Structures are given as structure tokens and as C-alpha cells.
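Have a look at the structure below before the remarks.
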Amino acid sequence: MQIPVDAEVQRRVMELEVPFNESGVDPYGLSRAHLAQSMTLLKLAYRHYFKVEVHGMENVPARGRAMIVGNHSGGFALDAGCVIASTFFEMNPPRLAQGMAEKFIAKFPIAAMWATRAGQLTGLPENAARLLEDDRLLMVFPEGARGTAKLYKERYSLVNFGTGFMRLALRTRSPIVPMAFLGGGEAVPTVFNAVSLGKLLGVPYIPVTPWLFAIPLPVQLDVYYGEPIQFEGDGSEEDDVVNGYVEQVKERIAAMLEVGRRRRKGEA
Amino acid sequence: MRVLIPGISGMIGQGVALLLRDEGHEVYGIDRRPWPDAPKGIEIFEVDLRKRAAEDVFRKIRPQVVVHMATVTHLLEKSDERYRINLGGTRAVVEHAKKYGVEHVIFVGRHTYYGAAPDSPLYHTEDEPPMGLASFPELADLVASDLYAGSALWRHREFATSVLRLCYTLGPAGHGTLGTFVRGPRVPTILGHDPLFQFMHELDVARAIAVTVEKRPVGVFNVAGPQPVPLSIIIKETGRTAVALPEFVFSAALGRFGLPRLPAGALQHIKYPITIDASAFRKATGFVHDIDELRTMHDYREAFPVVSR
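From first to last, the protein sequence lines are chains Y and H. Each residue of the first sequence is one higher than the one before, counting from 1 in my numbering. Each residue of the second sequence is one higher than the one before, counting from 1001 in my numbering.
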């Protein structure tokens, strides 16, 4: 099935600084034609269904390797969609934020194929390192599936961050752009995670909302990008050092979440 | 130099032999299969590599370089026979090389060593273990041959060892796993999967092996040329039509309707990619491919056009 491609999307896809070959495919299987179709759908959600506000877009480097590191909010990857849409639609020239998809996705036919074609690779450290070495823009959610499993009442909290992303940033000398995402919890207010049902279907869990299914509400979503941080090291540091760096990133994200939360409540 | 090529009558073997002869080397070959019309200056011994007669060739020729290409890679041969040919042949090469003072041995293997799986990284590097055996045990002989050949690196320091893991070959000869897979006018694929395939033009494959003879790099090397391409584009650019089947239909149809009878593990290779990082080989030898992926696919299409009825 072919989705008619939006004119702005088509122009932006052509402006992406990605080494596509003559067939319109990059060395990772990202396909220009399929990306244009995916972005056309994403644009509908980003510009028309949700009300998305992006703050601090200038903090995402125009070129070169960088890691956008942010929090999860909402029962599934609404946050990733907003990051991808914001760097694609708000930056000039556009950039493609490439995520590290959960490993379970790679087992699903069609989903895995479209993820690869849209530049979203399986979440493996080798893939992440290679993308950064190629000066791509990587998107990382260190909370992992535990982050998307947050319930409505936990929507502004952060769960434990792994340290893998920090060692990767140090090893590849990549700046980290902290990112805070708000509104996912309101869009998909999870009251319960059906873990057993999820296992049956081959996913970590199924988020259950008051209206049962995780169909998101058309609410306001906010994306905050903080100033890039360049940490010094080579990735072989002791855990104490790395944990300290991770804490710094987490604090920056928590601070942006607090600013965003107050703003959403109408406070200063 | 005197170069002996076990497996010379295969398509790539012939290509390597011609290149080396043109570069001024003395070229000899061992193969059970004949090479009809073998050109002048290339002497073929129609013997089995694992038999005594092959050792006589080593004794008589005293080759300085051996390019071992006498492996069976297609899965239609029975497993135990493949095991004997591939491991027995490799062992014979190692032993004769040691006994008859060979300076450099090149083992030509396959990138399928790494296996295809949903959770394997794109671009395998040479230090990775062979993770694909669990789902595709029929590849055990190729993996074992690769590892056994690699052990010559420390067991036999008296000769230089190069173990090559080549990506798929494509081109006008239609040779190889990929060339055979896309031969028909309609190519079956598995619905919802479009893996990347990494291939190199057959002329470039022969060149890469000839460069290995010249540069004598020691170690295990992935060998690839242009960037990989999704299967859907290979099918389109070679002028074929993709027929996407749900996996259970595909499995049930194997061995029927003109589809080859393949082991279940082979399906992994049309669901998930095997891509390799060939930067170490490029660095060690300076090899750069001549023919890009698009021309390679078009050369194949011209050699095997789909005739519309």
C-alpha cells in the first residue's frame, strides 16, 4: 500500500544529510521512499492530532554525532515519535533522530521491516556505536521498557537510568543533549500494565487505560531540549565516575520536567 | 609465484586463476570437476583434494601460495558428505602446506559464518563468534572449517594464513546462493521481512582474492564491496517480481512449486540480514570494489533476463 507523500515531507527527506545510494537506501537499510511515507503519517499526528510544543530546538547540533537522552512518558513510544518529528520538521536542514528499538520489535514481521526502513534499528550497543561513529543523531531512553511502563500517577517521575548510554557517549566522544518529554502520561493514562497478556503476545506488557485500549488522547505534548553536555573520558571509567555522570544527566532532565510541569499547570 | 588453487573449476576459482595468470603467476588447480577449455598456462589436476593424488600435486608443484576454494556451500548436498568434503579438504590443505613448504595459505569462506538472527548487530566484525548455528545447524561444517582454518594462524606460524569471509556473489555468471535464489521470474519472499543483502560483483570477488595473494594479509578478514541492499530492491533491479508469502505458507511450499527443498534454518537468511564490516580487509590490502551494487544487479538482469510470455 502506498501512502501519498506530503510535499513538505518530500522536500525535507531530500534535504536530509544521509548517504543514500542510487536506490535511495542508506547502509543501514533506511529507505528514502519509506521514510517519506512514515513521516507523512507522523506529521498528521505531530501537527494535527496532538498539540506539540518544542522548546530549545537550537540545542540539538545541526551536524555531527550526538545523543538525545530523555525520559519516557506514556504507555508506548509517543516520546520517540515527538523527538523524531521535531528534529525532522523543526530543524533546517532536517535531521533524522535514530532510535534503538526494543529487541522484541525485531521479531515481529512488518513492524521490524518498517522500523529499519524508517531508520530505527534494533537496540544493540554495536548498532548504536556504529551510528555515532558515522556522525548520526542517536536517540536514547535509558529508562528502557521500565520507563514506558510508568503509570499515570508516576508520569513526571524518572525510573533507574542504565549506564550503558554514558559509556557509549564517552567511548564515541559524543555530546549528550538532555531531553524532557511531558504529556505522554495524559495522552495514554496507564492505570494498569497487563504483563501476562503482554507475554502471551510477545511484548513486555500491554498498557491498560480507563477506556481499556491505549488509544492516545489528543492532548498537549511538550518536548524540552537542554544544552549539550560533553563528558570527558573513554568509557573505561569506574562505575562511581560513570554513575556520577549519569546522575548529572538525570538531574538536568528532572529539572526540565519540573519547569515543564509548572508551565503546564499555569505556574510561572 | 607458483599458486595452487584447489576448487579451481568453480566460477570464482576460474576468475581468480585468470587474474593471477595475467599478473604473471604460474597457476595450477586441483578439482574433481573438469574445467573444459581451460586456457593455456593453467594446469589442472582432476583429483580429489582429500586423496593421495592431491598430495602428489603439492610435492610435484611445490606451490608458494595455496588458495583453498574447494568447499561445498550449497545446501542440497547431504550434510554428512558436505562435512567430509569441507573439513577433510581443509585439513588436507593445512597438512600439505606444512609438509611442502607453502608460504601463504588463503582459505575462502563465507560471511554466513555469523548467521542471521533478529537480535544480531548490523555489520559483524571478525572477532564475533558464530551465533547463527543454533537456528541453522546445517551450516556447522562451514563454521567448523572457518574456525579450523583460523587455528592455523597459531598452530602453523611457518606459513602465512589468510581466512576470508566473503559476502554473497552476484553477476552475469549467475553463480552463488543469491544468484540462484533470484533466478526465476518470481522470487518468493517472507511477508513482512525485507532483509539487507550484501553482495559483490563476481569480478570484484576474484579481484579481492587476487589482491590477497599479492598483499599476503595475516588474519581473519571480512570481504565485501558496495553497501548492502534490501532484498526488495534486488528483486526489482534484477527485473524480477516479488511474491510475498506468510512464513507458514513459505515453509509449507518449500520443495514444491519449483521452490528448493531448504532446511528450516535457511529461512532466517531471507528474514534477517547478515552484513559485515570489511574495513580491516580494506586497510590491510587497499582493496576497493570496482563495480557498484546497481551495476552488479543490472549485469545479472542482462545475463538472465525475464522473458515475458
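Where is the CB? At the ideal position from N, CA and C, for every residue including glycine. Keep in mind it's a predicted model, so treat the numbers as computed, not measured.
Within chain H, partners of residue i - CB distance below 7 Å
| i | result |
| --- | --- |
| residue 113 of chain Y | 1192, 1193, 1194 |
| residue 156 of chain Y | Here the premise fails: no neighbours, minimum Cβ distance about 33 Å. |
| residue 106 of chain Y | 1118, 1119 |
| residue 244 of chain Y | Chain H residues near residue 244 of chain Y: none, gap ~29 Å exceeds 7 Å. |
Distance between residue j and residue i (C-alpha atoms, nearest Å)
| i | j | result |
| --- | --- | --- |
| residue 1194 of chain H | residue 1121 of chain H | 16 Å |
| residue 1016 of chain H | residue 1178 of chain H | 20 Å |
| residue 1164 of chain H | residue 35 of chain Y | 35 Å |
| residue 1044 of chain H | residue 1009 of chain H | 9 Å |
| residue 1206 of chain H | residue 1131 of chain H | 28 Å |
| residue 1107 of chain H | residue 205 of chain Y | 48 Å |
| residue 1052 of chain H | residue 1037 of chain H | 26 Å |
| residue 1282 of chain H | residue 188 of chain Y | 50 Å |
| residue 132 of chain Y | residue 1025 of chain H | 44 Å |
| residue 1129 of chain H | residue 211 of chain Y | 48 Å |
| residue 202 of chain Y | residue 208 of chain Y | 16 Å |
| residue 1240 of chain H | residue 1304 of chain H | 10 Å |
| residue 63 of chain Y | residue 145 of chain Y | 29 Å |
| residue 175 of chain Y | residue 249 of chain Y | 11 Å |
| residue 266 of chain Y | residue 31 of chain Y | 42 Å |
| residue 195 of chain Y | residue 181 of chain Y | 25 Å |
| residue 1002 of chain H | residue 1093 of chain H | 15 Å |
| residue 1022 of chain H | residue 119 of chain Y | 45 Å |
| residue 143 of chain Y | residue 1117 of chain H | 25 Å |
| residue 1054 of chain H | residue 1226 of chain H | 37 Å |
| residue 252 of chain Y | residue 164 of chain Y | 18 Å |
| residue 53 of chain Y | residue 13 of chain Y | 22 Å |
| residue 122 of chain Y | residue 1063 of chain H | 47 Å |
Test: residue i CB closer than 8 Å to a CB of chain Y
| i | result |
| --- | --- |
| residue 1126 of chain H | no |
| residue 1119 of chain H | yes |
| residue 1228 of chain H | yes |
| residue 1300 of chain H | no |
is_contact[residue i, chain H] using C-beta, thresh 8 Å
| i | result |
| --- | --- |
| residue 43 of chain Y | no |
| residue 269 of chain Y | Only positions 1 to 268 of chain Y appear in this structure, which leaves residue 269 of chain Y out of reach. |
| residue 110 of chain Y | yes |
| residue 224 of chain Y | no |
| residue 184 of chain Y | no |
| residue 29 of chain Y | yes |
Closer than 8 Å at the beta carbon, the chain Y residues around residue i
| i | result |
| --- | --- |
| residue 1233 of chain H | 23, 25 |
Cross-chain neighbours of residue i in chain H, by beta carbon under 9 Å
| i | result |
| --- | --- |
| residue 102 of chain Y | None at all; the shortest Cβ gap to chain H is about 11 Å. |
| residue 163 of chain Y | In chain order: nothing, as chain H lies at least about 20 Å away. |
| residue 124 of chain Y | 1119, 1120, 1121, 1122 |
Listed by chain order, chain Y residues near residue i by CB distance under 9 Å
| i | result |
| --- | --- |
| residue 1294 of chain H | 21, 22, 23 |
Proximal chain Y residues relative to residue i, where beta-carbon distance stays under 7 Å
| i | result |
| --- | --- |
| residue 1123 of chain H | 130 |
Chain-ordered chain H contacts of residue i [CB-CB under 8 Å]
| i | result |
| --- | --- |
| residue 121 of chain Y | 1122 |
8 Å Cβ cutoff, residue i in contact with chain A
| i | result |
| --- | --- |
| residue 104 of chain Y | Reference to chain A is not applicable here, since the protein chains of this structure are Y and H. |
Suppose only complete runs of 4+ residues qualify. What are the alpha helix (DSSP H) ranges in the segment 65–146 of chain Y, listed by chain order?
Taking 4 residues as the shortest admissible run, the segment 65–146 of chain Y contains the following complete alpha helix (DSSP H) segments, listed from N- to C-terminal end: 78–89, 111–117, 125–133.
Mind listing which residues of the segment 189–220 of chain Y have their C-beta closer than 7 Å to chain H's C-betas, in chain order?
The residues in question: there are none.
Taking the runs of the alpha helix (DSSP H) that are 4 residues or longer, which of them lie wholly in the segment 1106–1168 of chain H?
Within the segment 1106–1168 of chain H, the complete alpha helix (DSSP H) segments at least 4 residues long are 1140–1155, listed from N- to C-terminus.
Residue ranges of each alpha helix (DSSP H) within the segment 1186–1248 of chain H, 4 or longer:
The qualifying runs are 1202–1215, 1231–1237.
Residues of the segment 1248–1259 of chain H with a CB closer than 8 Å to any CB of chain Y: list them in chain order, please.
Identification of residues in the segment 1248–1259 of chain H having a C-beta nearer than 8 Å to some C-beta of chain Y yields an empty set.
Relative to chain H, which residues along the segment 126–138 of chain Y have a C-beta separation below 8 Å, given in chain order?
Here the close residues are 126, 127, 130.
Under 7 Å, CB to CB, which of the residues in the segment 1105–1119 of chain H have a partner in chain Y?
For the segment 1105–1119 of chain H, the beta-carbon criterion of a distance under 7 Å to any beta-carbon of chain Y is satisfied by 1118, 1119.
May I have a chain-ordered list of the alpha helix (DSSP H) segments no shorter than 4 residues that lie completely inside the segment 191–260 of chain Y?
Those alpha helix (DSSP H) runs which fall completely within the segment 191–260 of chain Y and span 4+ residues are 195–201.
Runs of alpha helix (DSSP H) lying entirely within the segment 1006–1057 of chain H, each at least 4 residues, in chain order
If we require 4 residues or more, the alpha helix (DSSP H) runs fully inside the segment 1006–1057 of chain H come out as 1011–1022.
Taking only runs of the beta strand (DSSP E) that begin and end inside the segment 1060–1092 of chain H, which ones reach a length of at least 3 residues, in chain order?
The segment 1060–1092 of chain H contains these whole beta strand (DSSP E) runs: 1065–1068.
Unbroken stretches of the alpha helix (DSSP H), 4 residues or longer, contained in the segment 1245–1296 of chain H:
Within the segment 1245–1296 of chain H, the alpha helix (DSSP H) runs of at least 4 residues that lie entirely inside it are, in chain order, 1247–1253, 1279–1285.
Scan the segment 145–191 of chain Y and note each continuous alpha helix (DSSP H) run of 4 residues or more that stays entirely inside, going in chain order.
Look at the segment 145–191 of chain Y and you find these whole runs of alpha helix (DSSP H), each 4 residues long or longer: 145–148, 164–171, 184–187.
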